[in-house]
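Chains as they are written, first to last, in this note's numbering: chain D, 180 to 486; chain B, 327 to 635.
Yeah, the Cβ is synthetic: ideal placement off N, Cα and C, and Gly gets one too.
To start, the structure under review is shown below, and the notes come after it.
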Amino acid sequence: MNISGILGYLATFAIAAGAYAIASLGLNIQFGYTGLYNFGIAAFFATGAYVEGIITGGHSTEHLGGFGLPVVVGVLAAMVVSAVLAYLIGIPTLRLKGEFLGISSLGIAETIRLILTNEKWLAGGVWGLGDIPRPLGNLVAPKLYNWVYLGLIIVVVGIIYFLVQKITSSPWGRVLKAIREDEGVAAAMGKNVYKYKMQSLILGSVIMAVGGAFYAHYIGYLSPESFRPLMGTFIIWAMLMAGGKGNNKGAILGAFVVWGVWTFTEFLVNYLPSALASRAGYINAIFIAILFQVLIRFRPQGILSED
Amino acid sequence: MNFVVNGIILGSIIALGAIGLSLTTAILNFYNFAHGASLLLGAYMGYTVLTEFLPRLGLGGSTFPYLSFGFPMIIAIIGSMGLTAGIMIVIDRFVYKPLRDRGSGPLILGMSSLFMALMLRNLVRTIWGPSVHYYSNEIQMVRELPLGIRITPDQIFIIGLTIVLVVLTQLFLKRTKMGQAMRAASDNIDLAMITGIDTEKVVIWTWGIGTALAAVGGVLYGINVQLRPMMGWYFLLPLFAAVIIGGEGNFYGALAGAMTVGLAQEVGTPLLQRMFDSMNVQVSMTGYKPAIAFVLMVIVLLVRSYREE
């Protein structure tokens, strides 16, 4: 492989890791700062991606969409829809034990995937949603486009990191931490625990949707299969736990590290005996699952500890 | 009417999983997200015993009158109970127990079990492949019973075995010393410890019984439908829904919850379909069967939320 090939590969790698880093920052608000267990990240990631695809995508007679609107409109719409979704899932669960948010968010992710699979008129069903444009695509030659998009992703990750850092170190962020450590104490201090949890859930989910929206432009074609629990939820949890929960730099670092491990093992399993090669993806998933168990057992604080 | 029969069959399979999940939730004090994987492993362990072990011992082939399987299946069910329970107990010793001993909260354990489910599912895919398997290729004749009930002999076996196991489990919990210790631990594990109950032994028994019941559920699903790697994941929401509807640690609650979920999925789907059809809404409800358990669960959680206020 020549140099430009390797560089191009690195750019693609960094774009995907960047989209995941955004989702990981969203999870960090929910879990890292507030202690909310969202096992349905895929719901918000998929919502963001599909809304973006429908709003900005090309016209199709097969499904809803073809609005061809600017990326900014798509991202805003993705944020609004995911906020409503987060609110709806927060109502029945946030007053109860933490497990119920976990179970219910898992349920909403599965339900969203069912809707995306069954409703062909909405987003193409199992055939998926294609023709998602490349933002700023007419600036450079298609060969160089990945670098433009990488630049865009870096700017977006930077802005979100800056905002999340600002918010989580504010008094509001300190209330979230108090809730995480001891809900009873936070309530005794006169804080409306339910309200704060709801705000944290919505804010985190909105950020996940932004990650999904930028993932949509990167991948160019969406199908419900891209948002299975492994790629939509588990891998993002592994990223945050690896990087360091409660640390926004860690959330981004973890996304790059775990995506690197994932890409590297995907490359390694190519050398498996041919009988196993067709099952390489499963072995890769087992590897991520074991990595996660090792992390929470031996390094629960992640690479970077909480700041 | 037939929807009701299907609902009872599905409810039976869910019940075998839900009783175990309810026990582990109450005694181990965490929501085991890998309990669906116990059904999955149970089904594939039964398959291994049936197609790998028994033919080598020269056993196999024979079938009971009317049923699609014979004595080997009974051995496969018992073997699957033992093997699956053994695997889950080993996992508890090496993965969950160290976390418990460190004082990790129930949610960390829940998350650990969620990733355990991911691992087991992909292990099954790696070993047995992603495609579906069947215990038997035989097509079963549907029998006509009074009241317009249409049922296969296999399905009567499923309901019968579930009833037998439920009764045996209840007898175990009520009549044996270990069963009483388990019920004490499910009420209050600290109090149980003070009264001299060996709680580690209780934990192992809880895993053993809960997993063995789920394993049977998995085999029965395999007999009724098929074996596939995603079956455990698809059972997870119905299992949680059944336990939450019935109340954690409540034996009869789990049973009633399981039947509610099973009936809601099988009877509710055609009812909703008819409703949407009459409203001229174009939607195919069969695709949403798995979501029905989830909607029921959310309703119960909403009611509980209001009580909390």
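Check, Outcome
"From B:Ala582, B:Ala344 and B:Leu553, pick the residue whose C-alpha is nearest to that of Phe566 (chain B); which is it?", "B:Ala344"
"Under the three-state reduction of DSSP, which class applies to Arg554 (chain B): helix, strand or coil?", "coil"
"Under 9 Å Cβ-Cβ, which residues of chain B neighbour Gly277 (chain D)?", "Gly431, Pro432, Leu433 and Gly436"
"Could you tell me which of D:His238, D:Gly307, D:Pro271 and D:Ser239 sits nearest to Tyr373 (chain D), measuring between CA atoms?", "D:Pro271"
"My guess is that Ile334 (chain B) and Ile485 (chain B) are in contact by the Cβ rule of under 8 Å, so how many angstroms apart are they, rounded?", "6 Å"
"For Gly383 (chain D), collect the residues of the same chain with a Cβ closer than 6 Å to its Cβ; drop the 5 residues on either side in sequence, then sort them by chain order.", "Gly205, Ile208 and Gln209"
"In chain B, which residues lie less than 7 Å from Leu464 (chain D) when you measure between Cβ atoms?", "Inspection of the sequence shows that residue 464 (chain D) is occupied by Ala rather than by Leu. What Ala464 (chain D) touches in chain B: Leu444 and Asn448."
"Cβ of Phe561 (chain B) within 9 Å of Cβ of Gly534 (chain B)?", "no"
"Below 8 Å on the Cβ atoms is my contact criterion, and I expect Tyr461 (chain B) with Tyr373 (chain B) to pass it. Report the Cβ-Cβ distance as a whole number of Å.", "7 Å"
"May I ask which residues mark the beginning and end of the beta strand (DSSP E) holding Glu470 (chain B)?", "Arg469 to Leu471"
"Checking contacts by CB at 9 Å: is Ala617 (chain B) closer than that to chain D?", "yes"
"Between Val436 (chain D) and Phe471 (chain D), what straight-line distance do the alpha-carbon atoms span, to the nearest angstrom?", "13 Å"
"According to the Cβ coordinates, are Ser406 (chain B) and Ile549 (chain B) closer than 9 Å?", "no"
"Using Cβ-Cβ distances below 9 Å, what residues of the segment 280 to 297 of chain D are close to chain B?", "Gly281, Ile282, Ser283, Leu285, Gly286, Ile287, Glu289, Thr290, Leu293, Ile294, Thr296 and Asn297"
"Does any residue of chain B bring its CB to less than 9 Å from the CB of Leu455 (chain D)?", "yes"
"Classify Lys498 (chain D): buried if its beta carbon has 16 or more other beta carbons within 10 angstroms, exposed otherwise.", "Because chain D in this structure spans residues 180 to 486, residue 498 (chain D) falls outside the shown range and cannot be described."
"Is Thr213 (chain D) closer than 9 Å to Ile381 (chain D) when the C-beta atoms are compared?", "no"
"Based on the DSSP output, what are the partners of Leu308 (chain D) in its beta bridges?", "D:Leu401"
"Mind checking who Ile475 (chain B) pairs with in its DSSP beta bridge?", "B:Leu471"
"Which chain B residues are close to Gln472 (chain D), counting only those with a beta carbon under 9 Å from its beta carbon?", "Val421, Ser438, Phe441, Met442 and Met445"
"Please confirm if the segment 403 to 420 of chain D is in contact with the segment 214 to 234 of chain D, defined as three or more CB-CB distances below 8 Å between the two stretches.", "yes"
"May I have the straight-line CA-CA distance separating Gly269 (chain D) from Gly425 (chain D), to the nearest angstrom?", "21 Å"
"Please determine, among D:Phe341, D:Leu293 and D:Val385, the residue with the shortest C-alpha to C-alpha distance to Pro403 (chain D).", "D:Leu293"
"Where does His459 (chain B) fall in DSSP's three states?", "strand"
"Classify Gln480 (chain D) as helix, strand or coil using the three-state DSSP reduction.", "coil"
"Between which two residues does the alpha helix (DSSP H) containing Lys370 (chain D) stretch?", "Run containing Lys370 (chain D): none; DSSP gives neither H nor E here."
"Let me make sure I understand the geometry here. Which of B:Gly408, B:Thr377, B:Tyr614 and B:Asn355 has the alpha-carbon closest to that of Gln599 (chain B)?", "B:Tyr614"
"In whole angstroms, give me the CA-to-CA distance for Ile201 (chain D) and Tyr578 (chain B).", "45 Å"
"So that I know if they touch, is there some Cβ in chain D lying closer than 9 Å to that of Met557 (chain B)?", "no"
"Using a beta-carbon distance below 9 Å, is Gly455 (chain B) in contact with chain D?", "yes"
"Thinking Asn328 (chain B) and Arg428 (chain B) are a contact (beta carbons under 8 Å), I'd like their distance in whole angstroms, please.", "51 Å between Cβ atoms; not a contact."
"Using the beta-carbon of each residue, which ones in chain D are nearer than 8 Å to Met623 (chain B)?", "Ile282, Ser283 and Gly286"
"Given that Phe561 (chain B) touches chain D, what residues does it touch there, using C-beta distances under 8 Å?", "Those do not exist, as Phe561 (chain B) stays about 12 Å from chain D at its closest Cβ, beyond 8 Å."
"Can you pull out the residues from the segment 196 to 220 of chain D whose beta carbon lies closer than 9 Å to at least one beta carbon of chain B?", "Gly214, Tyr216 and Phe218"
"Which complete alpha helix (DSSP H) runs does the segment 539 to 609 of chain B hold, if anything under 4 residues is left out?", "557 to 572 and 577 to 604"
"Let's test the definition: count the other Cβ atoms within 10 Å of the Cβ of Ile481 (chain B) and tell me whether it reaches 16, buried, or not, exposed.", "The question names Ile, yet the displayed sequence has Gln at residue 481 (chain B). Burial call: buried."
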